[in-house]
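Input: a single structure, listed below in structure tokens.
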Ligand SMILES: Nc1nc2c(ncn2[C@@H]2O[C@H](COP(=O)(O)OP(=O)(O)O)[C@@H](O)[C@H]2O)c(=O)[nH]1
Ligand SMILES: [Mg+2]
């Protein structure tokens, strides 16, 4: 599975990965995340140590893709990639090719985390213009989706926002995006306020929301597949019984029956593998909902 992280440069993406890794390496709700690659493990841990002391990573413009492993207890749940997408598609000077590339990436992703700099949005009127392009791109990508997807809208640098109406200024430009995410049939949306620094908050929500929802969606799809193949197998069997009285050769019908039976067996085997994770994933989503509400930006009146 692939989670795509999308946001303008300086939004806090690199910082987030380091902090997320630091916290998820210790675990949350029984789930843990580890990099199998030792060099990546060391790099992220030392970056996180620095961030926790208030020293942020230097800017970089590499397109990065990290491979992580999610586990629950001693069970490996899944390997996933975390893509730091920083194509020029978010800037005003973009061409059609770059736009199609980011649209394809978003359409194929299994989870999307959108990073917006809350402090910049609250303090600088230019921020609103910058996120408009993000909104349009995301709306287009969501229109093209045929399968369900978790999407997190993460407001970064929440620690820098003063009390008062700063949150209303920061969130107002993203109101159209928030509304369309909430209303999109294929999207399971969450909004979170993030602080990465000496006092981290909300950090586990983006990554775990994506992973737990993805697991949940897979379990639900499997249950549906199982029910469908079971009833089609049954139907094919009945049909063969009926045909039996008319024709003597039933090979074609029987193979139809066997085909659906095989589908059923396959779905059953995968469902059995996922079964022990069903409850932990549900519990995790409940815990995340609480963590999210505790850190969520105050919702402006009238929304
Ligand atoms: N106060 C505060 N500053 C942050 C936070 N996250 C990032 N920053 C600042 O934002 C800058 C850019 O962050 P970075 O992770 O490199 O952004 P990227 O370009 O999206 O990867 C950092 O150098 C920090 O100064 C945060 O949670 N709190
Ligand atoms: Mg970066």
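In the working numbering, the protein residues as written are 13 to 315.
Note that the Cβ used here is the ideal one computed from N, Cα and C, for glycine as well.
My guess is that residue i and residue j are in contact by the Cβ rule of under 8 Å, so how many angstroms apart are they, rounded?
i: residue 164; j: residue 221; result: 5 Å
i: residue 157; j: residue 102; result: Not quite, the Cβ-Cβ distance comes to about 20 Å (not below 8 Å), so this is no contact.
i: residue 217; j: residue 202; result: 7 Å
i: residue 36; j: residue 219; result: 7 Å
i: residue 124; j: residue 166; result: About 10 Å separates the two Cβ atoms, so there is no contact after all.
i: residue 121; j: residue 178; result: Not quite, the Cβ-Cβ distance comes to about 31 Å (not below 8 Å), so this is no contact.
i: residue 140; j: residue 185; result: 4 Å
Closer than 8 Å: is that where the CB of residue i sits relative to any heavy atom of ligand 2?
i: residue 168; result: no
i: residue 21; result: yes
i: residue 185; result: no
i: residue 210; result: no
i: residue 69; result: yes
i: residue 96; result: yes
Helix, strand or coil for residue i per DSSP?
i: residue 162; result: strand
i: residue 77; result: strand
i: residue 22; result: coil
i: residue 67; result: coil
i: residue 171; result: helix
i: residue 123; result: strand
i: residue 193; result: helix
On a Cα-Cα basis, can you pick out the residue from the options that is closest to residue i?
i: residue 77; options: 177, 47, 62 and 86; result: 47
i: residue 61; options: 52, 87, 34 and 51; result: 34
i: residue 303; options: 215, 196, 167 and 133; result: 215
i: residue 68; options: 162, 50 and 30; result: 30
i: residue 79; options: 56, 66, 269 and 64; result: 56
i: residue 1; options: 86, 85 and 97; result: As shown, the chain starts at 13 and ends at 315. That puts residue 1 outside it, with no answer to give.
i: residue 279; options: 297, 231 and 268; result: 231
i: residue 14; options: 305, 140, 268 and 92; result: 92
i: residue 22; options: 87, 297, 169 and 44; result: 169
For residue i, verify whether its CB is less than 8 Å away from any heavy atom of ligand 1.
i: residue 26; result: yes
i: residue 58; result: no
i: residue 52; result: no
i: residue 171; result: yes
i: residue 206; result: yes
i: residue 34; result: no
i: residue 275; result: no
i: residue 131; result: yes
Using a Cβ-Cβ distance cut-off of 9 Å, determine whether residue i contacts chain B.
i: residue 117; result: Included in the structure is just one protein chain, with no chain B present.
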